[in-house]
Amino acid sequence: MLLKIHVYNRVKTDKYFGFDFNFKIKTMETKTCLHCKKIIKGRTDKKFCDDYCRNIFNNQLKSTTNNLVRNTNNILGKNRRIIESFFEEEINYIKIKKEILINNGFLFSYNTKSKKLAKGAYIYYCYDYAFLPISEDYYILIKEI
Ligand SMILES: [Zn+2]
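Quick note: to get this note's numbering, add 65 to the position in the sequence shown (first position is 1).
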């Protein structure tokens, strides 16, 4: 806390404090644990107090990444189920109102790949299905065979 206040003061007012103040900053440099934020004693290249703090920090980082992957997968899975729900046997493509997809919770910005078509249009894929905007209000859903 003390360190932060001094750094702030330096940026704002170091003209008034001059050399003396800058010298103080240098001697006050400390490293804090990335997990518990306590001041680390010993080697300056250390990032954590001990293995306990390192393990907790790394596990939290991993679970954040896992959550991101899980959420994205869930959205893609839901998008696929929504598209699939409109298909019956023997049908390979459907023209559908964008509004219907929105009302079902479809999220257009999530896809598994996209391809540029002629005239700058794009077709988007959701696993084995594709969705293609054909106007402001309509999409074509395609079942890949
Ligand atoms: Zn710690």
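Just so you know, even glycine gets a beta-carbon here, dropped at the ideal spot from N, CA and C.
Taking C-beta atoms under 8 Å as the contact rule, I210 and L197 fail to qualify, at a distance of about 16 Å. With a threshold of 16 other beta carbon atoms within 10 Å, L206 meets it and is buried.
Positions of the alpha helix (DSSP H) runs, each at least 4 residues long and wholly inside the stretch 173 to 202, cannot be given because no such run exists. The C-alpha of G107 lies about 16 Å from the C-alpha of C118. For C191 and I104, the gap between their C-alpha atoms comes out near 49 Å.
Look at the stretch 143 to 177 and you find these whole runs of alpha helix (DSSP H), each 4 residues long or longer: 163 to 168. Remark: C-beta atoms of D202 and K163 approach each other more closely than 7 Å. With 16 or more other Cβ atoms from the protein chains shown falling within 10 Å of its own Cβ, F171 counts as buried. Proximity annotation: ligand 1 has residues C98, H100, C101, K103, F113, C114 and C118 in chain order, each selected because its CB is closer than 6 Å to a heavy atom of the ligand.
Within the same chain, and ignoring the five residues on either side of L133 in sequence, no residue has its Cβ closer than 6 Å to its Cβ.
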